[in-house]
Amino acid sequence: MKSKLFGVLLLIEAAALLLTAAVALYYQRVAGETDARCFMLTAAITGAVGLLLYNIGSMSKRGTLQIRDTFFVVALSWVLFSIFGMLPFLMNGTVDNVTDAFFETMSGFSTTGATILNNIDQQPHGILFWRSITQWMGGLGVVVFTLAFLPSVAKGSKKASLFAAEAPGLSVEKLAPTMGATSRLLWIIYIALTVLCAIAYAVGPMNRFDAICHAMTTIATGGFSTHQASIGYFGSNYIEFVCVLFMLLSGINFAMYHFLFNGRFDVIKRNEELRWYLLSILFFTVLFLLRFFFAPRLDVITDEQLVSHPKTELDRIRTSLFHVVALLSNTGFQGTNYNYDSWGRLFLIPTVVMMVVGGCAGSTSGGIKMVRVIVLFKYIKKTVNEMIHSSSMYTVKISGQIVEDLSLKRVMSFFSLFLIVFMANVVGLSAAGMSLEEGAISFLTCFSNYGPGTGITGPSGTFDAIPDAAKWLLSFDMMVGRLEIYTVLLLFMPSFWRAK
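Be aware that the sequence shown starts at 7, since it is given in the working numbering, and climbs by one per residue.
Here it is in structure tokens:
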């Protein structure tokens with residue numbers, strides 16, 4: 007059964023490669039580009055391996071996936087997708103080594119947006135389209151796509167476990183009687199948002215190709231652009247505000263749109279995570295506005311740093327809002343005033359905090375998710391109250407619902423694991439040759455699937471110059487962050503494989 011599912015997943019990737027080949031063939035005809043062949047060859051290789059695995063799985067006597075198999079399938083599918091997905095970069099000569107090709111591809115599928123490319127504007131349209139479509143496929147996840155449109159492939163298996171392994175959160179909420187129908191609803195919402203975003207971009211100073219590519223990476227909260235200067239390339243207030251709107255929408259739990267379309271305004275109104283998300287955007291936007299306003303009066307800001315600050319009130323509002331929404335949605339796009347490294351240390355700490363927190367569970371954003379932060383604060387409050395009033399019992403409620411003890415334990419253990427993984431990576435990246443600060447923030451940006459870090463990996467740089475060992479470690483971090491630790495961690499636990 008596992009082989010059959012792997013086969014279907016690779017056939018889906020082969021179809022995406024063929025679509026990219028069609029785009030490349032069009033630009034081969036109108037612009038003389040030569041990358042179509044590498045996509046056709048990669049599609050043939052990926053399709054052949056997919057068919058082989060599908061046939062092997064069809065002949066297998068074992069017809070269902072066990073719970074442990076679901077974690078294995080989801081984790082390994084991301085590795086397989088990146089292995090086959092990196093071939094066009096190598097065949098086209100976009101990169102000249104496996105390390106960089108794997109890093110770029112994993113960054114795409116995990117919707118991280120960290121890049122090793124320093125010449126994006128010189129890349130052919132096929133390569134640019136492939137970078138965008140990897141993020142769009144990774145936004146909701148290809149396994150979720152399979153459950154939505156090919157439910158018979160996993161017939162009789164633990165579909166809820168498959169769904170939860172690739173789209174983890176505090177809980178898996180059914181929007182329909184079956185997980186297949188739930189997946190289908192989410193993908194319909196996802197596609198609709200992508201189409202609306204592409205149309206909104208195309209109305210402004212974006213050509214159709216750029217509009218489609220940026221729509222895919224905006225709704226996926228990925229951040230890959232067709233230009234090295236990202237959204238700032240267009241120099242348009244309209245484009246930046248459209249980008250802000252759709253980044254914000256993509257950071258909201260997609261279930262809210264289902265309730266909106268069905269007139270369930272009561273559910274939306276009492277959703278606590280949504281309120282925290284919107285209030286966080288407002289709070290940090292005002293915070294950055296105030297810092298830009300008072301920066302000239304502060305001794306910690308140098309004259310050189312002030313030069314890079316937005317000058318007019320409109321520029322300050324636009325820069326603050328764009329920066330905050332790009333961070334809390336974990337999209338990683340860069341606007342006109344993009345280089346937060348040059349703004350001064352005063353702006354770095356809130357930048358990192360937003361990067362780590364991220365958006366809502368059930369969205370395409372990364373980070374540790376807003377709902378976990380809410381639970382953490384409420385759990386601390388509960389503990390303090392129980393210390394003061396030892397004879398009383400308190401509960402943690404989210405949106406009026408009591409959070410069960412098992413969910414509380416999982417959230418607390420998630421934060422513990424996050425700290426352990428963070429410390430291990432800081433040590434590992436330092437050993438690989440990165441400074442403590444650059445290593446720490448590079449881990450946080452890759453784990454949170456944001457993209458830019460600081461220093462050489464910051465908004466004005468790329469990950470090209472970091473050591474190869476660091477690139478492999480950060481590639482692993484991207485996958486661990488996208489699958490939110492547990493899906494990958496369980497595979498390394500001997501007790502998990504021994505359990506019946």
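Just so you know, even glycine gets a beta-carbon here, dropped at the ideal spot from N, CA and C.
Query, Result
"Inter-residue spacing [alpha-carbon to alpha-carbon] between Trp-84 and Ala-204", "27 Å"
"Rounded Cβ spacing between Val-377 and Glu-490 (contact assumed at less than 8 Å)", "So it is not a contact: roughly 12 Å between Cβ atoms."
"Where Lys-375 falls: helix, strand or coil (DSSP)", "coil"
"Close-in-space but distant-in-sequence residues of the same chain around Trp-142 (CB under 6 Å, 5 per side omitted)", "Met-222 and Ala-226"
"Distance, Met-97 Cα to Val-104 Cα", "11 Å"
"6 Å CB neighbourhood of Phe-252 in its chain, flanking five on each side removed", "Cys-203 and Thr-224"
"Proximity to Phe-240 [Cα-Cα], best of Leu-57, Lys-388 and Gly-341", "Gly-341"
"Chain-order list of residues whose beta-carbon lies under 7 Å from that of Cys-219 (same chain, five-residue window excluded)", "Leu-134, Phe-135, Ser-138 and Thr-232"
"C-alpha gap between Ser-397 and Thr-389, whole angstroms", "12 Å"
"Between the CA atoms of Ser-441 and Ile-404 - distance to the nearest angstrom", "40 Å"
"Straight-line gap, Tyr-492 to Phe-482 (C-alpha atoms, nearest Å)", "13 Å"
"Sequence-distant residues of its chain with Cβ nearer than 7 Å to Phe-502 (five each side left out)", "Arg-74 and Leu-496"
"Nearest-angstrom Cβ-Cβ length linking Ser-256 and Ser-335, presumed shorter than 8 Å", "6 Å"
"Nearest-angstrom Cα separation, counted from Glu-410 out to Asn-268", "28 Å"
"Selected residue, minimal CA-CA separation from Phe-95, among Gly-119, Pro-130, Ala-120 and Gly-368", "Pro-130"
"Endpoints, the alpha helix (DSSP H) within which Gln-129 is located", "Per DSSP, Gln-129 belongs to no alpha helix (DSSP H) and is neither H nor E."
"Unbroken alpha helix (DSSP H) run spanning Pro-356, endpoints", "354 to 363"
"Beta-carbon contacts of Tyr-344 that lie in its chain and below 6 Å, excluding the five residues immediately before and after", "Gly-238 and Pro-465"
"Backbone secondary structure at Lys-403 - three-state DSSP", "strand"
"Ile-408 (DSSP reduced to helix, strand or coil)", "strand"
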